[in-house]
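Report on the structure given below.
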Amino acid sequence: MLEVRDLCVSYGAIKALKGISFDVDKGEVISLIGSNGAGKTTTLHSVSNLIHKVSGTIKFEGEDITNLSPDKIVRRGLIQVPEGRRVFANMSVRENLEMGAYTRNDKDGIRSDMEWCFELFPRLKERINQLSGTLSGGEQQMLAMARALMSRPVLLLMDEPSMGLAPILVDEIFNIIKKISSSGTTILLVEQNAYKALSIANRAYILETGLFTKNGPASELINDNAVKSAYLGG
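Counting along the sequence shown from 1, when you hit position 24 you're at 24 in UniProt numbering, and nothing is skipped either side.
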């Protein structure tokens, strides 16, 4: 579904990505794991063409989208849940969800998908008319995820969904990610909580200072001594 080849990105003299290549197959949950500054968010922004790439190619469902504008990438079903939630603070929960569906005109489908979002995130239904900026951090993360789902993503890019959340909310968010995956949505997950990310992923890539140092089935990496030592506290 997604093919990234020899991707290089620089910020001035700093080489953020140094020729990484990876694939995401339909129906998978793929995790990118690494410490702060490893290049995880840069990878997602490159896929969505939100930043300039020095070199490399990106194909989505067989189409070269390397230089496609971000809005056209969204219309092809490649949707990102950004780091830091970035909800529209002065708009209500309902209005944020409607913004997620701005590329669509199927009113019945939009209504149905909004109800599905409320099944996944019951608290959002309770706060449907509340300004998003007044929600808790966990509720804003739920809204950011629901807003992305309103676009009917083929591939969902998720950037640090557990950041800043209490442990009980982290568990809830990851349970919902599993439900989204079970519904048929392919997921590329960037996450610092390596244990949680590996526990739900099919495969994972370990990113260190712009290069992949390991990759493979998540069930193997979670038991890898080097990965345990560096990322799992073991």
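For every residue, glycine included, the Cβ atom is placed at its ideal position computed from N, Cα and C.
Every value quoted in this text rests on a predicted model; they were computed, and no experiment measured them.
Can you find a C-beta in chain B that's less than 8 Å from the C-beta of Pro161? The structure shown contains no chain B; it is built from a single protein chain.
Ile14: buried (16+ other C-beta within 10 angstroms of its C-beta) or exposed? Within the sequence shown, residue 14 is the residue found at index 14, counting from 1. Answer is exposed; the Cβ neighbour count stays below 16.
Tell me the residue span of the beta strand (DSSP E) that contains Lys18. Counted from its first residue, the sequence shown places residue 18 at position 18. Looking at the DSSP string, the run of the beta strand (DSSP E) that includes Lys18 is Ile14 to Val24.
Determine the DSSP secondary structure at Met145, reduced to helix, strand or coil. Position 145 of the sequence shown, counted from the first residue, corresponds to residue 145. The answer is helix: DSSP assigns Met145 an H, G or I state.
Using three-state DSSP, classify residue 296 as helix, strand or coil. Any property of residue 296 remains undetermined from this structure, which presents the chain solely from 1 to 234.
Where do the ends of the alpha helix (DSSP H) carrying Arg203 lie? Locating residue 203 in the sequence shown gives position 203, where the first residue counts as 1. Where Arg203 is concerned, there is no enclosing alpha helix (DSSP H), although the beta strand (DSSP E) it sits in stretches over Arg203 to Glu208.
Let me confirm a value: Pro153 is counted as buried when at least 16 other C-beta atoms fall within 10 Å, else exposed. Which label applies? Locating residue 153 in the sequence shown gives position 153, counting from the first residue. Buried, by the Cβ-count rule.
Does the Cβ-Cβ distance between Leu17 and Val9 come in under 8 Å? Here residue 17 refers to the residue found at position 17 when the sequence shown is read from its first residue. Here residue 9 refers to the residue found at position 9 when the sequence shown is read from its first residue. A contact, by the Cβ cut-off of 8 Å.
Report the option in Ile33, Ser35 and Ile65 whose CA atom is closest to the CA atom of Leu7. The residue you call residue 7 lines up with position 7 of the sequence shown. Among Ile33, Ser35 and Ile65, the Cα nearest to that of Leu7 belongs to Ile65.
Using the Cα positions of Ile20 and Gly109, report the straight-line distance between them to the nearest angstrom. Walking along the sequence shown from the start, residue 20 turns up at place 20. Walking along the sequence shown from the start, residue 109 turns up at place 109. For Ile20 and Gly109, the distance between alpha carbons rounds to 38 Å.
Do you know how far the Cα of Ser151 is from the Cα of Tyr102? As a first step, residue 102 is located in the sequence shown; it is residue number 102 there, counting from the start. As a first step, residue 151 is located in the sequence shown; it is residue number 151 there, counting from the start. Whole-angstrom Cα-Cα distance: 8 Å.
With DSSP as the reference, label Leu7 as helix, strand or coil. Within the sequence shown, numbered from 1, the residue matching residue 7 stands at position 7. Three-state result, Leu7: strand.
Residue closest to Ala201, alpha-carbon to alpha-carbon, out of Ile79, Glu95, Ala148 and Leu32: Here residue 201 is taken as the residue at index 201 of the sequence shown, counted from 1. Checking every option, the nearest Cα to that of Ala201 belongs to Leu32.
By DSSP, does Pro217 sit in helix, in strand, or in coil? The residue given as residue 217 occupies position 217 in the sequence shown. Reduced to three states, the DSSP call for Pro217 is strand.
Using a Cβ-Cβ cut-off of 7 Å (strictly less than) and excluding sequence neighbours within five positions of Gln141, which residues of its own chain qualify? For the purposes of this step, residue 141 is identified with residue 141 of the sequence shown, where counting begins at 1. Within the same chain, Gln141 has close Cβ partners Arg85, Pro161, Leu165 and Ile173.
Could you check what DSSP says for Glu28 in three-state terms: helix, strand or coil? The sequence position of residue 28 within the sequence shown is 28, counting from 1. Correct three-state label for Glu28: coil.
Test item: CB-CB of Met91 and Ser136 under 8 Å: Position 91 of the sequence shown, counted from the first residue, corresponds to residue 91. Position 136 of the sequence shown, counted from the first residue, corresponds to residue 136. No, the pair does not count as a contact, with Cβ atoms beyond the cut-off.
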